[in-house]
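J.:
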Ligand SMILES: Cc1ncc(COP(=O)(O)O)c(C=O)c1O
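In our numbering, the protein residues as written are 4 to 411.
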């Protein structure tokens, strides 16, 4: 076994992984063309052209681009009729915006634990969390891996509760041959820097429901009614619109993301084939209805029992020294300070005690098992992926055969 880089050995990898986001000439040309020839903001055809194309790409009738995924979430919740004190079911293993947007809509996030095999909302636990206040269920397609949409939509239909998808990380992902986003009432995407389609910042809402779409339009556009006068405001909305330079640089990415997805698929498979052979690491699964994952981020699970009880953090340190950055990812959202609430500021949260929540699967994965690669790793060439595999193999072999090397 070659010496570990943390002990002065040769690191497996010294080169950087592929750059993301990519400032291609196509993107630069698109921005300059809009800058010189089109409206820059509200009413620009460069925005409506993108909305139309992105809707079609996600198999939806309608799309509204927004200033971010977070504002898209707020708009979607408001348009779904979520009101002060209503409850929205969300997973605790996601980016903060999934839950904070619920709070920002004056509603209450109700956490439901995740499924260890997919890192996604566990559909078997949803019904127990439904009350007469539940006004939406919001699965997240985490890391681009679709949630169990058949099961979740069936629960929504049974209880008359709309399903709102947080597809911020799942551009192009498919459930039974249909793209995610508009499988329920509506869904959102993010175009923030690290997403698989990026404008630095930005988001979108998609839906097949015309009335919902029109209400979203109002909330994201200062409460204006679609087709109404410019200074007529029927809803308490805001300016959550995306600008035309952003939509222009996203337009070519509707096509390039498809090539990137093919590369991500191939690299995911290569990694799964190799990492799946390492006892103590568990590769992530997909539900039966998944026909395409977006493979935004590669996730796997580390079982310290297979490595003499050596904690995951020691594995991370050794991997980092080998030049492959792996990390723990999310912490359980209910532990975040923002949930320690001031009931004067958020009176609708009276009676909810987030500090007392414990979700066993989320906590086990977040605290001890989850291993994330970075978004750009899956865009690597063959040698890049081989280096990742070599680092995993080198470090896990050392953990098994020379545990004394990992004493702090
Ligand atoms: C799952 C999830 N939901 C919501 C968001 C919010 O998107 P944004 O950062 O564009 O506001 C993100 C991304 O950051 C996300 O990963």
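The C-beta atom is built at its ideal place from N, Cα and C for all residues, glycine as well.
Using only CA atoms, which one of 338, 335 and 317 lies nearest to residue 328?
T.: When only C-alpha atoms are compared, the closest one is 317.
J.: May I ask whether a heavy atom of ligand 1 can be found less than 7 Å away from the beta carbon of residue 101?
T.: Result yes, Cβ under 7 Å from ligand 1.
J.: Roughly how many whole angstroms lie between the Cα atoms of residue 281 and residue 396?
T.: If I take the Cα positions, the gap works out to 8 Å.
J.: Using three-state DSSP, classify residue 338 as helix, strand or coil.
T.: Note: residue 338 maps to helix in three-state DSSP.
J.: Could you tell me whether the stretch 348-364 touches the stretch 113-133, using the rule of 3 or more Cβ pairs below 8 Å?
T.: Yes, since at least three Cβ pairs between the stretch 348-364 and the stretch 113-133 fall closer than 8 Å, the two stretches touch.
J.: Quick one: using the 10 Å Cβ neighbour count with 16 as the cut-off for buried, is residue 127 buried or exposed?
T.: Exposed is the call here.
J.: Which residues bound the beta strand (DSSP E) around residue 122?
T.: Run containing residue 122: none; DSSP gives neither H nor E here.
J.: Assign residue 43 to one of three DSSP states: helix, strand, or coil.
T.: Residue state, collapsed to three classes: coil.
J.: Leaving aside the five residues before and after residue 237 along the sequence, list all residues of the same chain whose C-beta is less than 8 Å from its C-beta, in chain order.
T.: Within the same chain, residue 237 has close Cβ partners 221, 226, 227, 228 and 231.
J.: By the 10 Å Cβ neighbour count, where 16 or more other Cβ atoms means buried, how is residue 234 classified, buried or exposed?
T.: With fewer than 16 Cβ atoms within 10 Å of its Cβ, residue 234 is classed as exposed.
J.: In the structure shown, what three-state DSSP assignment does residue 236 receive?
T.: Three-state result, residue 236: strand.
J.: Is it the case that the CB of residue 243 approaches a heavy atom of ligand 1 more closely than 7 Å?
T.: The answer is no for residue 243.
J.: Looking at C-alpha atoms only, which residue of 102, 56 and 92 is the closest neighbour of residue 72?
T.: Measuring from the Cα of residue 72, the nearest candidate turns out to be 102.
J.: In its own chain, which residues sit with a C-beta less than 7 Å from the C-beta of residue 85, not counting the 5 before and 5 after it?
T.: Answer for residue 85: 91, 108, 110, 138 and 139, listed in chain order.
J.: Figure out for me which residue from 216, 330 and 311 has the closest Cα to the Cα of residue 320.
T.: Closest option to residue 320, Cα to Cα, is 330.
J.: Look at the Cβ atom of residue 3, then the Cβ atom of residue 372, and state whether they are nearer than 8 Å.
T.: Since the first residue shown for the chain is 4 and the last is 411, residue 3 is missing from the structure and cannot be characterised.
J.: With residue 192 as the anchor, note down where its beta strand (DSSP E) starts and where it stops.
T.: Looking at the DSSP string, the run of the beta strand (DSSP E) that includes residue 192 is 189-193.
J.: What is the rounded straight-line gap between the Cα of residue 81 and the Cα of residue 218?
T.: Each residue's Cα considered, the two are about 8 Å apart.
J.: List, from N- to C-terminal side, the alpha helix (DSSP H) runs of 4 residues or more that fit wholly inside the stretch 66-98.
T.: For the stretch 66-98, whole alpha helix (DSSP H) runs of length 4 or above, ordered along the chain, are 72-82.
J.: Can you grab the Cα-Cα spacing for the pair residue 239 / residue 130, in whole Å?
T.: About 32 Å.
J.: Which complete beta strand (DSSP E) runs does the stretch 271-353 hold, if anything under 3 residues is left out?
T.: 284-286, 293-295 and 302-305, all fully within the stretch 271-353.
J.: Could you give the distance in angstroms between the alpha-carbon of residue 142 and the alpha-carbon of residue 278?
T.: Those two C-alpha atoms are separated by around 27 Å.
J.: Note down the Cα distance separating residue 119 from residue 95, rounded to an integer number of angstroms.
T.: C-alpha separation (whole angstroms): 13 Å.
J.: Can you tell me which of 153, 253 and 136 puts its alpha carbon nearest to the alpha carbon of residue 192?
T.: The option with the nearest alpha carbon to residue 192 is 253.
J.: If I measure Cβ to Cβ from residue 332 and keep anything under 6 Å in the same chain, skipping five residues before and after, which residues do I get?
T.: Only 373 and 375 meet the Cβ criterion.
J.: Thinking C-alpha only, which one of 402, 393, 175 and 409 is nearest residue 309?
T.: Closest option to residue 309, Cα to Cα, is 402.
J.: Can residue 50 and residue 36 be called in contact, C-beta distance under 8 Å?
T.: No; because the gap between Cβ atoms is not below 8 Å, this pair is not in contact.
J.: Which value, in whole angstroms, describes the spacing of the CA atoms of residue 203 and residue 196?
T.: Each residue's Cα considered, the two are about 4 Å apart.
J.: Could you work out which residue in 295, 289 and 311 is closest to residue 303 when comparing CA atoms only?
T.: The option with the nearest alpha carbon to residue 303 is 289.
J.: Looking only at its own chain, which residues have a Cβ that is under 7 Å from the Cβ of residue 246, when we skip the five neighbours before and after it?
T.: For residue 246, where only same-chain residues beyond five positions count, the Cβ hits under 7 Å are 43 and 44.
J.: For residue 394, which residues from the same chain have a beta carbon less than 8 Å from its beta carbon, with the 5 sequence-adjacent residues on both sides left out?
T.: Closer than 8 Å at the Cβ level, and outside the excluded window around residue 394, lie 15, 16, 322, 325, 326 and 327.
J.: Is residue 169 near ligand 1 - that is, is its Cβ less than 7 Å away from at least one heavy atom of it?
T.: Yes, ligand 1 has a heavy atom inside 7 Å of this Cβ.
J.: Below 8 Å, can you find three or more Cβ-Cβ pairs linking the stretch 54-70 to the stretch 182-191?
T.: Counting Cβ pairs under 8 Å, three or more are found: they touch.
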